[in-house]
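> Okay, here's the structure, questions in a sec.
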């Protein structure tokens, strides 16, 4: 009997913490839904994707490389490189670092070029 009473007392003491955790998780879920459905945020994401795509393509051309060469060098398909450069998808973080190294610039410079493209357009 003492074990049950002790366990119940512990559960009662921990209940507020569980409620706080539940509210935090619900808040995160609501925020994610908002970020996915908000038209302004979706448009900003599209602009950022286009700018990264432009930066990837500009640097590839500046280095006199073909999509095939880039794809073979980093171990992806040419179609993947094409999708990155058209803004239809984004390279993974690890691929972004490999691409930057291939283009002889830092990943930070590659991303800054994308950000600069956004600022110029505004």
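In the UniProt record's numbering, the protein residues as written are 1 to 122.
Note that beta-carbon positions come from the ideal geometry of N, C-alpha and C, so glycine has one too.
1. Just checking, does the region 94 to 102 make contact with the region 65 to 85 on the three C-beta pairs under 8 angstroms criterion?
2. Consult DSSP for residue 6 and reduce its assignment to one of helix, strand or coil.
3. Output yes or no for whether 7 angstroms exceeds the beta carbon distance between residue 81 and residue 98.
4. May I have the straight-line CA-CA distance separating residue 83 from residue 91, to the nearest angstrom?
5. Could you check which residue in 31, 113 and 88 has the C-alpha nearest to that of residue 45?
6. In this structure, does DSSP put residue 106 in helix, strand or coil?
7. On the three-state DSSP scale, how would you describe residue 94?
8. Quick one, are the C-beta atoms of residue 85 and residue 57 less than 7 angstroms apart?
9. Do residue 114 and residue 52 have their beta-carbon atoms positioned less than 7 angstroms apart in this structure?
Let's see:
1. yes
2. helix
3. no
4. 9 angstroms
5. 88
6. coil
7. helix
8. yes
9. yes
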